[in-house]
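What follows is a short report on a single structure.
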Amino acid sequence: MTSEPLFRSEPYTRTCDAQIVAVNDRGGIILDRTLFYPRGGGQPGDSGVLKLSGGGEITIATTVKGGSEDGDDAIFHVPAEGSPTPIVGDRVTVDLDWQRRHRHMRVHTCLHLLSAVLPYPVTGGQVGDAKGRLDFDIQEAGLDKEAITAELN
Numbered sequence: 437m438t439s440e441p442l443f444r445s446e447p448y449t450r451t452c453d454a455q456i457v458a459v460n461d462r463g464g465i466i467l468d469r470t471l472f473y474p475r476g477g478g479q480p481g482d483s484g485v486l487k488l489s490g491g492g493e494i495t496i497a498t499t500v501k502g503g504s505e506d507g508d509d510a511i512f513h514v515p516a517e518g519s520p521t522p523i524v525g526d527r528v529t530v531d532l533d534w535q536r537r538h539r540h541m542r543v544h545t546c547l548h549l550l551s552a553v554l555p556y557p558v559t560g561g562q563v564g565d566a567k568g569r570l571d572f573d574i575q576e577a578g579l580d581k582e583a584i585t586a587e588l589n
């Protein structure tokens with residue numbers, strides 16, 4: 437079961453309407469469409485709120501991609517502890533934590549710029565709210581911090 441990944445075509449959209457199409461035995465919620473980017477590639481999953489059409493809301497702690505038992509393309513919205521269990525078929529308003537997403541987007545872009553400036557293969561990385569990390573395959577130490585900063589600016 438897959439969700440339409442609106443985060444790919446509409447990365448700056450903050451809210452959308454959706455329908456709950458499944459809830460797995462661990463409480464993960466699958467929507468017919470979503471703005472929430474799932475955790476992957478060193479980047480945390482999005483968080484936010486699902487506002488229920490009948491009132492109330494479900495706080496989403498993170499978003500993850502399903503494993504092979506759930507379907508590799510399934511996107512699960514993981515509710516925070518104590519959130520109500522939704523009913524399949526319910527309509528919701530997806531409300532993305534935009535401030536957090538935008539911080540991730542900015543750090544992600546900075547890491548791409550850094551990888552373009554340094555002539556070394558990237559072997560790993562991680563995106564966070566306020567900082568990120570890239571791992572490079574460098575044969576010998578001796579990076580010139582001032583030269584790298586000048587190239588980035």
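For the sequence shown, my numbering gives the first residue as 437, with consecutive numbering after it.
Note that CB positions come from ideal geometry on N, CA and C, so glycine has one too.
Note down, in chain order, each residue of its chain lying with its Cβ closer than 8 Å to the Cβ of residue 501, except the 5 sequence neighbours on either side.
474, 475, 476, 508, 509, 510, 511, 512
Assuming residue 536 and residue 483 are in contact, meaning their beta carbons sit under 8 Å apart, how far apart are those beta carbons, in whole angstroms?
6 Å
What number of angstroms, rounded off, separates the C-alpha of residue 461 from the C-alpha of residue 570?
36 Å
Separation of residue 575 from residue 450, as counted between CA atoms:
43 Å
If you count every other CB in all the chains shown that lies within 10 Å of the CB of residue 579, and 16 or more means buried, which is it?
exposed
Please tell me whether residue 485 and residue 498 are closer than 9 Å, where the distance is taken between their beta carbons.
no
Return yes when the C-beta of residue 536 is under 8 Å from any heavy atom of the ligand HEM, and no when it is not.
The ligand HEM is not part of the structure shown, which contains no ligands of any sort.
Look at residue 466 and residue 496 and say whether their C-beta atoms are less than 9 Å apart.
no
Could you check the C-alpha separation between residue 530 and residue 479 for me, to the nearest Å?
20 Å
Would you mind giving the Cβ-Cβ distance between residue 471 and residue 442, rounded to the nearest angstrom? I have them listed as a contact below 8 Å.
5 Å
So what's residue 457 in DSSP terms, helix, strand or just coil?
strand
Whole angstroms is fine: what's the gap from residue 526's alpha carbon to residue 534's?
23 Å
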